[in-house]
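One structure is given here, and the rest of the page talks about it.
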Amino acid sequence: MRNRSLQAKKWIKKLPKVNFDNQENPNSYFDILKIEDLLERDLDHDVCKNHLVKFYVILFVYEGEGYHTIDFTDYNYKEGTVILVRKDQIQKFFRSTNVKGYLLIFTEEFIIGHLNKMEALKAFQLFNESLSFPKIEFNNKDEFSDFMVLVKQLELEYHAKDVFSIGITRSVLHVLIIKLFRIKDKAGYFVERKKYMSQFLAFHKLVEEECFKSKKVQYFSEKLGVSTKTLNNIVNEVVNVSAKSFIDERCIMQIKRLLISTDHSIKEIAYIAGFSDATNFFKYFKKFTNSSPKVFRQAH
Numbered sequence: 388m389r390n391r392s393l394q395a396k397k398w399i400k401k402l403p404k405v406n407f408d409n410q411e412n413p414n415s416y417f418d419i420l421k422i423e424d425l426l427e428r429d430l431d432h433d434v435c436k437n438h439l440v441k442f443y444v445i446l447f448v449y450e451g452e453g454y455h456t457i458d459f460t461d462y463n464y465k466e467g468t469v470i471l472v473r474k475d476q477i478q479k480f481f482r483s484t485n486v487k488g489y490l491l492i493f494t495e496e497f498i499i500g501h502l503n504k505m506e507a508l509k510a511f512q513l514f515n516e517s518l519s520f521p522k523i524e525f526n527n528k529d530e531f532s533d534f535m536v537l538v539k540q541l542e543l544e545y546h547a548k549d550v551f552s553i554g555i556t557r558s559v560l561h562v563l564i565i566k567l568f569r570i571k572d573k574a575g576y577f578v579e580r581k582k583y584m585s586q587f588l589a590f591h592k593l594v595e596e597e598c599f600k601s602k603k604v605q606y607f608s609e610k611l612g613v614s615t616k617t618l619n620n621i622v623n624e625v626v627n628v629s630a631k632s633f634i635d636e637r638c639i640m641q642i643k644r645l646l647i648s649t650d651h652s653i654k655e656i657a658y659i660a661g662f663s664d665a666t667n668f669f670k671y672f673k674k675f676t677n678s679s680p681k682v683f684r685q686a687h
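Read left to right, the sequence shown gives residues 388 to 687 (our numbering).
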């Protein structure tokens with residue numbers, strides 16, 4: 388199993404991995420870019436092809452319309468749309484001649500280092516696609532205007548580069564994150580989930596890292612030091628599915644990443660994903676996607 392895990396990591400590296408790299412303000416753990424400028428940059432990777440990000444992204448559109456892909460799902464956007472991308476997700480841009488907006492980029496170090504424990508938990512909830520839809524739309528003009536003012540203030544402070552700018556930038560970004568959290572909370576997300584949230588997030592992280600080693604609930608419950616019943620209760624309370632269903636869902640996503648990011652055979656990927664028999668791998672994948680691994684790969 389260990390060899391399979393190592394090979395999976397090796398193969399995933401073939402997918403472009405984009406690290407946080409702010410050469411102007413390396414200690415800020417934050418960057419702000421205009422979407423239209425990013426699409427014109429000469430980078431070492433093509434942003435219009437699948438790439439894995441090692442940071443968090445708030446994509447905010449204030450003019451135009453288009454699409455953005457996260458983990459092989461397309462999300463349309465228009466004026467007043469916010470799209471949230473979590474660290475270690477795969478994203479892809481689409482070129483649009485009329486889109487204008489911002490990318491607010493920050494690291495996990497920012498969240499942990501500059502938010503208290505409760506606020507950091509809210510931030511991790513906000514960006515967790517298993518908890519809520521990754522797209523927010525401002526239907527209220529006042530909320531949209533307020534958000535736009537904050538983004539403009541972020542841009543202004545980011546470029547000020549005086550002794551106060553980093554502190555102000557962090558504070559404004561903190562306010563933006565909490566405002567987005569409030570919008571989702573008002574829409575009915577996150578209600579009555581505080582009790583088990585930290586345990587669920589730990590489970591989610593572990594599943595993403597080790598689902599190829601085992602797909603059994605007992606494996607993860609033992610790793611987390613809880614009973615299988617307790618783990619099922621935690622997962623059901625937070626996302627309203629069983630622990631097993633959640634494990635399968637995340638495993639399928641990891642398999643999709645391998646299918647897209649490597650040119651290895653289906654048989655090889657089956658082995659990496661923990662299947663000794665390619666036939667069982669085929670059945671497992673089709674059960675959850677209604678598609679064969681080959682058809683999925685060809686479609687992407």
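By construction, the Cβ of each residue, glycine as well, lies at the ideal position given by its N, Cα and C atoms. Quantities reported herein were computed from a predicted structural model and do not represent experimental measurements.
With respect to the beta strand (DSSP E) encompassing residue i, which residues constitute its N-terminal and C-terminal limits?
i: V472; result: 468 to 472
i: K522; result: 522 to 524
Could you check the C-alpha separation between residue i and residue j for me, to the nearest Å?
i: S415; j: T617; result: 40 Å
i: K582; j: E624; result: 9 Å
i: N412; j: D529; result: 32 Å
i: T456; j: F551; result: 36 Å
i: K668; j: D431; result: With the sequence shown as reference, residue 668 is identified as Phe, and Lys is not the correct amino acid for it. Distance between the alpha carbons of F668 and D431: 35 Å.
i: F493; j: C598; result: 27 Å
i: P680; j: I553; result: 47 Å
i: V472; j: R637; result: 16 Å
i: F525; j: F531; result: 6 Å
i: Y671; j: F587; result: 25 Å
i: R569; j: I499; result: 20 Å
i: L537; j: G612; result: 43 Å
i: E542; j: H561; result: 14 Å
i: Y443; j: S678; result: 30 Å
i: D549; j: I419; result: 17 Å
Please state if the CB of residue j and the CB of residue i are separated by a distance shorter than 8 Å.
i: I647; j: A665; result: no
i: I634; j: F607; result: yes
i: K465; j: V448; result: yes
i: E495; j: K509; result: no
i: R557; j: H501; result: yes
i: E544; j: K487; result: no
i: V559; j: F590; result: no
i: I445; j: L491; result: yes
i: K404; j: C435; result: no
i: F514; j: F417; result: no
i: K643; j: F481; result: no
i: N437; j: I477; result: yes
i: L593; j: K573; result: no
For residue i, I'd like the list of residues in its chain whose CB is within less than 6 Å of its CB, leaving aside the five on either flank, ordered along the chain.
i: I656; result: L645
i: E452; result: K465
i: Q540; result: V559
In the DSSP assignment, find the alpha helix (DSSP H) that holds residue i and state where it starts and stops.
i: L645; result: 630 to 648
i: F501; result: Strictly speaking, residue 501 in this sequence is His, with Phe absent from that position. Taken as a continuous stretch (DSSP letters only), the alpha helix (DSSP H) holding H501 covers 495 to 501.
i: V434; result: Where V434 is concerned, there is no enclosing alpha helix (DSSP H), given that its DSSP letter is neither H nor E.
i: V682; result: 680 to 686
i: V613; result: No alpha helix (DSSP H) holds V613; DSSP gives it neither H nor E.
i: G661; result: From DSSP, G661 is part of no alpha helix (DSSP H); its letter is neither H nor E.
Could you name the residues that DSSP lists as bridge partners for residue i?
i: N463; result: Y454
i: G488; result: V448
i: F480; result: H455
i: K421; result: Y489
i: V405; result: V440
Please return the same chain residues whose Cβ sits closer than 7 Å to the Cβ of residue i, not counting the five positions on each side in sequence.
i: M584; result: L508, Q512, V625
i: L535; result: First, the residue type needs correcting, since residue 535 is Met and not Leu in the sequence shown. The answer, listed in chain order, is Y449.
i: N406; result: K441
i: T629; result: The identity of residue 629 in the sequence shown is Ser, whereas the question assumes Thr. The answer, listed in chain order, is N619, V622, N623.
i: K631; result: V604
Going by beta carbon distance, what residues of the same chain come within less than 8 Å of residue i, once the five residues before and after it are set aside?
i: F675; result: D635, E636, I639
i: Y700; result: The question about residue 700 has no answer here: the residues shown for the chain are numbered 388 through 687.
i: S614; result: S608
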